[in-house]
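Okay, so here's the structure we're looking at.
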Amino acid sequence: MSLDRSSSRRRISTALLGATLAAGFMLPTQAAHAATPITGSLVLAGGAVAATNSAVYGGFVTLAGSSGARIGVITAASDVPANDPNASDPATCSNSVCNGAYYVDLLKNTYGAADAQWIPIDLDHISNNSSQTVINQINSMTGFFFGGGDQSRLVQTLMKSDNSDSPALAAIRAKFTAGAAIMGTSAGTTIANGRDMVTGGESWDGLRYGPYTSISSSYPNDLSYRPEGGFNFFTSGLLDTHFAARGREGRITRLAADTGHTRAFGIDEDTALVVTNPGAANESDKVVGSHGVSIFDLRNDTVATHSGYWSIDNVKWSYLTSGDTYTPATWTASSTKPAYAPSSGTVGSRWSDVFSSPTSATAHPYQMVNMATELVNAGRSTTQYGISYESGPTFEADLTKGTGYQAWKSGSALSFANLTTHLYVY
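Take the sequence shown: its position 279, counted from the start at 1, is 279 in the working numbering, and no numbers get skipped.
Here it is in structure tokens:
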């Protein structure tokens, strides 16, 4: 297999992408639903949401009807019981049935939903996606919860081979359009994407080799994506989850740039982006939870080659924390926290392992955010940089307080907008 991996799997053709976008190409799901106003709302969580996180779970139940909420729980992203070695132990099991029972109990008995029911669709029950009994169950709900796992299982269980909706997904979409709330976590959030849904990979591999449309067992860390996308519930940009904890800043930036997206969102663990009026001109996105949401603006980026490798400059990175809002129509972030512009302090030495490499002997979650925080706190410094753990080549991330930069801070909660980001070979 060649070093650039281009011979074995389909790498995106940027020329083809430009032609299809210029022609106004839309995927089947997008074409069928793009013009339909949506009155429901989204709670897009980044994964690993603590059971005690009332801002996320409680907020979702409120949007779904508060004490009158009826939640349909969909755990089809999880594997089936036969493949779960802990299937018989409720304390450690992680299969679709076990996870369904967990979320039903959590949403009903902890967060006060009037009812919560598992929707019996998973890899063992794919045919239920056309069952009238299941559709009737869906139609009785005011909200839907999509659990984590592998987003490809949600494609397999809820979409047809031509990328159109199964009857069950069509019923969920109709309820969403009519006002139902939808929450996802991890894969359950990623599936809300439209075209070019990320399916796997690490930042260094994405920056080094670019995105592929299939996953290779020989290169499990390669950046992969599904061009046909997911359910197209969220249309304001690409989505990625477990974000800063796993150093995914590089992978989502490369995927967005190579597939023609000008905006991408990275949602941290135990955190959610609450979307009201999704897809409309007055859409508003609010951050809740314990960490933050990264938003990357690629409208004025410059993609080039540096020392023979892919590079990108002039990406604007915003990092919003609890209570902050983002307005997609105007590309603006806002905060009720006080403006923050310290007049003293400088940055330290360069940072290492800024993409939190899975091969590093010591994990460095939130490393890029920590580096940015140091820069924001250093009033006399305008630039800081860090490098990847991997070498051959080593990638560098430069952050600069340039045009449009601003920051806010309240206590330990720090947010910023429009740090200029440059990714290239060190």
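Beta carbons are placed, not taken as given, at the ideal position from N, Cα and C, and that holds for glycine.
Apply the 10 Å Cβ neighbour rule to residue i and answer buried if 16 or more other Cβ atoms are within range, or exposed otherwise.
i    : result
R226 : buried
P220 : exposed
G292 : buried
N136 : exposed
N99  : buried
A171 : buried
Q367 : buried
G392 : exposed
S67  : exposed
G188 : buried
S140 : exposed
T305 : exposed
S318 : buried
R248 : buried
P83  : Before going on, a small fix: residue 83 reads as Asn here, not Pro. Exposed is the call here.
N300 : exposed
A345 : Per the sequence presented here, residue 345 reads as Gly, with Ala not at that position. Counting Cβ neighbours within 10 Å, G345 comes out exposed, since fewer than 16 surround it.
R246 : buried
T142 : buried
K409 : buried
D165 : buried
T362 : exposed
Going by DSSP, which residues form a beta bridge with residue i?
i    : result
Y225 : V198
L42  : I182 and V275
Y424 : E396
Q384 : L399
Y111 : Per DSSP, none; premise fails for Y111.
H306 : Y309
L320 : V293
V287 : L273
W351 : G386
G72  : Q117 and F144
M159 : D165
F455 : The first residue shown for the chain is 1 and the last is 426, placing residue 455 beyond what the model contains.
T327 : T332
K409 : L414
L419 : W317
For residue i and residue j, which I take to be in contact (beta-carbon distance under 8 Å), what is that distance rounded to the nearest angstrom?
i    : j    : result
G46  : T241 : 5 Å
S360 : Y389 : 5 Å
E202 : P358 : 6 Å
I121 : V134 : 7 Å
S352 : I387 : 6 Å
F231 : L169 : 7 Å
S236 : G289 : About 19 Å separates the two Cβ atoms, so there is no contact after all.
G72  : F144 : 5 Å
A264 : T157 : Not quite, the Cβ-Cβ distance comes to about 26 Å (not below 8 Å), so this is no contact.
If we call anything under 8 Å between Cβ atoms a contact, is residue i one with residue j?
i    : j    : result
Q384 : A339 : no
L423 : I267 : no
N53  : D324 : no
L419 : T400 : yes
A69  : A114 : yes
V376 : L414 : yes
S130 : P167 : yes
V275 : L42  : yes
F176 : I74  : no
L320 : V287 : yes
K108 : A116 : yes
G210 : R254 : yes
R195 : L223 : no
T190 : L239 : yes
T39  : A174 : no
T382 : A397 : no
V61  : Y111 : yes
A181 : A64  : yes
V80  : S96  : yes
K316 : G379 : no
T330 : L298 : no
Can a CB atom of chain B be found closer than 8 Å to the CB of residue i?
i    : result
P338 : This model lacks chain B altogether, as it is built from one protein chain only.
- Whole beta strand (DSSP E) elements within the segment 225-250, 3-residue minimum: 238-240
- Message: Threshold first: 4 residues or longer. Then list the alpha helix (DSSP H) segments lying entirely within the segment 77-113, N to C.
- Response: 96-105
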